Amino acid sequence: MSGTAGAGWRLAEVAAALGAGCEGAGDLIVTGAAEPATAGPDDLAIALSPAWAEALGRGRARAALLWAGADWRALRLQGAILVPRGRLAMAHLTRFMDPGPGFAPGIHPSAVVEGGGEVPPDAAIGAFSVIGAGARIGAGVRIGPQVTVAPGAVIGAGCLIHAGCRIGPRVAIGARTILHPGAVIGADGFSFVTAEPSRAEIARARLGAGPDMPAPEDARWHRIHSLGGVEIGEDVEIGANSCVDAGTIRPTRIGRGTRIDNLSQVGHNVVIGEDCLFAAQAAIAGSTVIGNRVVAGGKCGIADNLTLGDDVVLGGATIVLANVPAGRVMMGYPAMPMAAQIESYKALRRLPRILRRIAGAADRSVSKSGGTD
Amino acid sequence: MSGTAGAGWRLAEVAAALGAGCEGAGDLIVTGAAEPATAGPDDLAIALSPAWAEALGRGRARAALLWAGADWRALRLQGAILVPRGRLAMAHLTRFMDPGPGFAPGIHPSAVVEGGGEVPPDAAIGAFSVIGAGARIGAGVRIGPQVTVAPGAVIGAGCLIHAGCRIGPRVAIGARTILHPGAVIGADGFSFVTAEPSRAEIARARLGAGPDMPAPEDARWHRIHSLGGVEIGEDVEIGANSCVDAGTIRPTRIGRGTRIDNLSQVGHNVVIGEDCLFAAQAAIAGSTVIGNRVVAGGKCGIADNLTLGDDVVLGGATIVLANVPAGRVMMGYPAMPMAAQIESYKALRRLPRILRRIAGAADRSVSKSGGTD
Amino acid sequence: MSGTAGAGWRLAEVAAALGAGCEGAGDLIVTGAAEPATAGPDDLAIALSPAWAEALGRGRARAALLWAGADWRALRLQGAILVPRGRLAMAHLTRFMDPGPGFAPGIHPSAVVEGGGEVPPDAAIGAFSVIGAGARIGAGVRIGPQVTVAPGAVIGAGCLIHAGCRIGPRVAIGARTILHPGAVIGADGFSFVTAEPSRAEIARARLGAGPDMPAPEDARWHRIHSLGGVEIGEDVEIGANSCVDAGTIRPTRIGRGTRIDNLSQVGHNVVIGEDCLFAAQAAIAGSTVIGNRVVAGGKCGIADNLTLGDDVVLGGATIVLANVPAGRVMMGYPAMPMAAQIESYKALRRLPRILRRIAGAADRSVSKSGGTD
């Protein structure tokens, strides 16, 4: 299964889309991309390092996207595109071949556009979507089926809003941003307070010392409503079923070019900079501020009210419980600089054996020195 | 961006809503709340501690919500509301200013209310929502667009069900409970069994000893269906895209006043007490029982078939693998009392250095004592 | 609250459905299943071990599902079904009693079936669902309300697709598979590349050494589109609000019989074998390959581009950062064999005390031997 192209593309045309030169039979037609071993005769095989060369021989591709310096003739190909940075070429290639979501243009007859909602003629609104009163939809916006856009929300030009997204009130989304299916933007933040200080509040103030106090008379939580909305920059992506909560009295903000994967949580009042990358199931708690170009592996968590500098890198599943200066590479729970964390892990792994050995030696030493403990 | 109020409110009126006194110009009109530095002349600036005083000078607010004892005249304000517990005042203020979700009253013409479904005249049912046969919707319930309520489900008076929620069969929800967008209540629990004992079952029984047994003849999983539904108390909140699974032969239960954040999972047969707070991405596995007033930071996980007492506090990302007595403050993976966990973390961080030092000393000691290991 | 059955079932009929014998009054009518203490006179009480015997006495059940060898007469029951493997019997019993989702047969008049979509007469399509052009729906498929099936997607015979699921383009789903509410199949994978090597890329190549290099000139992320779709086998389940992303140039694959719980993430190009079980909030990063019969507790994470062998078992919240051979039982962050991990945890817990003791002894030893460090 691969991208389809109707009648396909000439190899030279594909090379041009990649900004690369075309070797050999530029008139060869390719109809999709495929892995080398399973490629058919009309597929462009993807073999971006010499490790894939052998697999090419097992497939039937006549043309391939190859690593720089590859000897395409020796690989028995009729044509090839050679690229210095393979994954970048894949970005260009897959964008070129992507047929898109297939949303029909125009407003589907079943969609509800409430009075005062503004939809330009070149926008697409899917079946059973609801555009609230006063919402502003930019030029060329594509909205899938079963989407909710709250009254007054603003969707910038060229945005792609997939099926089932929920866009709340006081949300503004910049141009060309993509929301994947089921994303929820602008739900209420999780912010509660008891009438008197709660036990958790006291425990936190005491840094974890267990309070031996009676339960409070009135343990009910009063919710702090979220009036601040969300501002999302241009060229952002929010993953499927991810949530970006509204701020309390100012917007939660996500900067230009930042990409957040599926099932992630961005809490109220959070500010995320530009060109960040958060892999799946990220969680950023309320009021935390994150710099530019921060990259986080999957399942990372960042506690509330922290600051992470620019260019921080978090290994997968890192849990950040304190501020992180710019440029740090962190890992673990709680997060430490990665090199120190790896050293600690190794020590921990050796620990049981070493403890047995050291304890024995120390016992002997202690017994010799007459020490007691 | 802040809460809007049409013509706004008199400062004295806001103070009254907060149960607080009004200082200075009670007739001043405010139209929203804002942070001190960015507040406009019609905003109520929020400055709940002296740390915000300087920022007030940079903004243009004429009125502010201030900490108890603040000298509002010295801050060059025309009016002020002084409060002893700022976040509690924020709860009252934001509730007062919240314009609400803007769901139009009545049953939207596109909604489907199946035969026998009961919708009182003051309830709101959004566009493209489906109310199953025999479902009972309480007085004043507000249901957003694209919601599913299964046949026979019960929604208590005053509930607020946001867009895209899925309420399954045999679900009963108490009064004034809020479901945020995309919440799924009453899906099938994750409960499977193989015909013969599986390797995982044996590994668990052996506490992790790796079984060197062959794979079973028949490894297929048989699902245990969930017939027990869900019972949710009054004044509960379930976060966006969170899931509360149905019980097997009795309901999964969530007690009055408990609040669960986005992207959280409550497994089948779980019982959660009253006034608990679970921050985002919580996971509570099947049949676990949780007391009252338990508070958990984000990303906490609690294994199945455990008991947590009242007033337990879990730090962010805590993974609970054993029962926890009432009142404990826990942290880490696996969870330990927080003070012990922090001590262990510190020791672990020092461990590589200390091991090198100790190992050297012990080597010398061992060589002196002639010991071998 | 329990499964309902209209007029109920004869006890002998229930026993037959379980492939078990019936003791005593086979003509007794039961209308549902319940826990022993809360069972009414028409409930089948579930008491699968002697630990439940006492509770039976407190309830009013006249018939029960009992452990093998139970003396049902001594328990004062009128009838009983005795089973050797209780949870397996529960699978059979709950399937027998489950009234199902109650989706009305046929295509709901509000549903949109785009030109060329193929829906057999015995399939059910719920209200406000959208079936894209060229999608193929198998015999007996039940699709709930507000579901999206993209153009060209294939849904195998007998599948059950709950409310609000999103099935993307180039997705093929095998027979009898169940998608729980809000599942998203075939969204774009999270795959990005910068024009020049990013800091995170370099940090990863250096295994975490912090790069002290300036930020790149051009930090923008170029997305690699997902053209490969998803292939899901027969008898699979995907949990509520879970996501299975599309592959890049070949499908992401989930094998026959595998069950994945709620709020889980399966990244692009992942291959999962048959009969696996992943509890809630699992995350499997891009291009990882997982064998057959792998079982994972809740909140497990597996990094990208790894291989896990057959029959691997992961304890709850395990984070796998390296390949795992077949049959291993793993735990922790980072994952270690469970026995070693437990030993390390114990050592870590004792560490602060031991370090104090050992450090004192070593200090004495060092001072005696005149060593410096």
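Protein chains in written order, with the working numbering: chain A, 1 to 373; chain B, 374 to 746; chain C, 747 to 1119.
Virtual Cβ for every residue (Gly too), placed ideally from N, Cα, C.
Predicted, not measured: the structure shown is a model, and the values here were computed from it.
With a CB to CB cut of under 6 Å and the five nearest residues on each side skipped, what residues in its chain are close to residue i?
i	result
PHE842 (chain C)	ALA763
TRP52 (chain A)	PRO36
ILE238 (chain A)	LEU179, ALA183 and ILE260
VAL544 (chain B)	ALA526, ILE558, GLY559, GLY602 and VAL603
How about residue i and residue j: are their beta carbons less than 8 Å apart?
i	j	result
ALA695 (chain B)	GLY670 (chain B)	no
HIS180 (chain A)	PRO101 (chain A)	no
GLU604 (chain B)	GLY529 (chain B)	no
ALA933 (chain C)	ASN262 (chain A)	yes
TYR40 (chain A)	ALA47 (chain A)	It should be noted that the sequence gives Gly, not Tyr, for residue 40 (chain A). No, the pair does not count as a contact, with Cβ atoms beyond the cut-off.
GLY910 (chain C)	GLY878 (chain C)	no
ALA837 (chain C)	VAL566 (chain B)	yes
HIS641 (chain B)	THR625 (chain B)	yes
CYS989 (chain C)	GLN1011 (chain C)	yes
ILE970 (chain C)	THR94 (chain A)	yes
By how many angstroms is the C-alpha of residue j removed from the C-alpha of residue i?
i	j	result
GLY134 (chain A)	ALA150 (chain A)	9 Å
ARG350 (chain A)	LEU724 (chain B)	11 Å
ASP683 (chain B)	GLY562 (chain B)	25 Å
PRO337 (chain A)	ALA55 (chain A)	40 Å
VAL1041 (chain C)	VAL320 (chain A)	28 Å
PHE278 (chain A)	ARG539 (chain B)	28 Å
PRO509 (chain B)	GLY490 (chain B)	According to the sequence as given, residue 509 (chain B) is Arg; it is not Pro. Roughly 6 Å separates the two Cα atoms.
ARG1039 (chain C)	GLY974 (chain C)	25 Å
LEU811 (chain C)	SER564 (chain B)	18 Å
ALA929 (chain C)	ILE1000 (chain C)	14 Å
ALA246 (chain A)	ALA1085 (chain C)	44 Å
ARG756 (chain C)	LEU823 (chain C)	15 Å
THR680 (chain B)	THR661 (chain B)	6 Å
LEU728 (chain B)	LEU1060 (chain C)	30 Å
MET1076 (chain C)	ALA761 (chain C)	39 Å
ARG73 (chain A)	ALA946 (chain C)	36 Å
ALA496 (chain B)	ALA857 (chain C)	25 Å
ALA285 (chain A)	ALA653 (chain B)	8 Å
GLU769 (chain C)	GLY1019 (chain C)	41 Å
Going by beta carbon distance, what residues of the same chain come within less than 7 Å of residue i, once the five residues before and after it are set aside?
i	result
ASP480 (chain B)	One detail in the question is off: residue 480 (chain B) reads as Ile in this sequence, not Asp. So the list reads VAL486, VAL492 and ILE498, once near-sequence residues are dropped.
GLY381 (chain B)	ILE402, VAL403, THR404 and ASP415
ARG806 (chain C)	ALA785, GLY786 and PRO787
PRO1071 (chain C)	GLY1055
ILE173 (chain A)	VAL154, ILE155, GLY156, CYS159 and ILE232
ILE622 (chain B)	LEU600 and GLY601
ARG353 (chain A)	none
Please go through the same chain and pick out, in chain order, the residues whose beta-carbon is closer than 8 Å to the beta-carbon of residue i, but skip the five residues on each side of it.
i	result
GLY158 (chain A)	GLY138, ALA139, GLY140, VAL141, ALA175 and ARG176
GLN519 (chain B)	GLY499, ALA500, PHE501, SER502, ALA536 and GLY537
ALA240 (chain A)	HIS162, HIS180, PRO181, GLY182, ALA183, ASN262 and LEU263
SER717 (chain B)	GLY705 and MET709
Complete beta strand (DSSP E) runs within the stretch 108-135 of chain A (minimum length 3 residues, chain order): none
Ignoring anything shorter than 3 residues or poking outside the stretch 967-1018 of chain C, list the beta strand (DSSP E) runs there in chain order. 976-978, 989-991 and 998-1000
What residues from the stretch 278-298 of chain A come within 8 Å of chain C, judged by C-beta to C-beta, listed N to C? ALA279, ALA280, GLN281, ASN292, ARG293, VAL295, GLY297 and GLY298
In chain order, what residues of the stretch 986-1003 of chain C put their CB closer than 7 Å to some CB of chain B? ALA986, ASN987 and GLY1003
For the stretch 692-722 of chain B, enumerate the residues whose C-beta is nearer than 8 Å to any C-beta of chain C, in chain order. ILE692, LEU694, TYR706, PRO707, MET709, ALA713, GLU716, SER717, LYS719, ALA720 and LEU721
Just to confirm the assignment: which complete beta strand (DSSP E) runs, minimum length 3, are found wholly within the stretch 4-87 of chain A? 22-24, 32-34, 43-47, 63-67 and 79-83
Positions along the stretch 883-914 of chain C whose CB lies within less than 9 Å of some CB in chain B: GLY890, PRO891, GLN892, HIS908, ALA909 and GLY910
Along the stretch 632-652 of chain B, where does the CB come closer than 9 Å to a CB of chain C? Name the residues. LEU636, SER637, GLN638 and GLY640
Of the residues that make up the stretch 781-812 of chain C, which ones have a beta carbon closer than 8 Å to any beta carbon in chain B? GLU781, THR784 and ILE792
Start-end ranges of the beta strand (DSSP E) lying completely within the stretch 887-949 of chain C, minimum 3 residues: 917-919 and 930-933
Residues within the stretch 912-934 of chain C neighbouring chain A, beta-carbon criterion of under 7 Å: ARG912, PRO915, ARG916, GLY928, VAL930, ALA933 and ASP934
Please identify, using Cβ separations under 8 Å, the residues of the stretch 76-95 of chain A that lie next to chain C, in order along the chain. ARG85, ARG87, LEU88, MET90, ALA91, HIS92, THR94 and ARG95
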